[in-house]
Amino acid sequence: MNEKYFIHESCRFYPCHDYENFRSCLFCWCPLYLLDCGGDYRMTHGVKDCSGCFLPHAEEGYDYILQQVNQQIYHKSGS
271 MNEKYFIHES CRFYPCHDYE NFRSCLFCWC PLYLLDCGGD YRMTHGVKDC
321 SGCFLPHAEE GYDYILQQVN QQIYHKSGS
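Heads up: the sequence shown runs through residues 271 to 349, numbered per the working numbering.
Here's what the structure looks like:
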């Protein structure tokens, strides 16, 4: 098991996206939702629709999310 990746196959919503390279359920709810995430989303009537974004579920998603949280919330550069 890797702390960066987790698959919850028994979840009733799994898979939540039709994404061939689905790698992780760790960020089922994206911590970047309220931030300038850099992901592929649409704004519809003021609501952020992230259904087309696979970043939290991609192999590089964990590192990207931690980097963005550090930069945008804690104002630290990631390493």
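We treat Cβ as the ideally placed atom computed from N, Cα and C, and that holds for glycine.
K274 has its alpha-carbon roughly 28 Å from the corresponding atom of V317.
Residue environment for P326: buried (at least 16 other C-beta atoms within 10 angstroms of its C-beta). If you compare the alpha carbons of Y303, L304, D306, A328 with that of N291, the shortest gap goes to A328. Taking C-alpha positions only, E330 is separated from R282 by approximately 25 Å. Within the segment 308-348, the alpha helix (DSSP H) runs of at least 4 residues that lie entirely inside it are, in chain order, 331-342.
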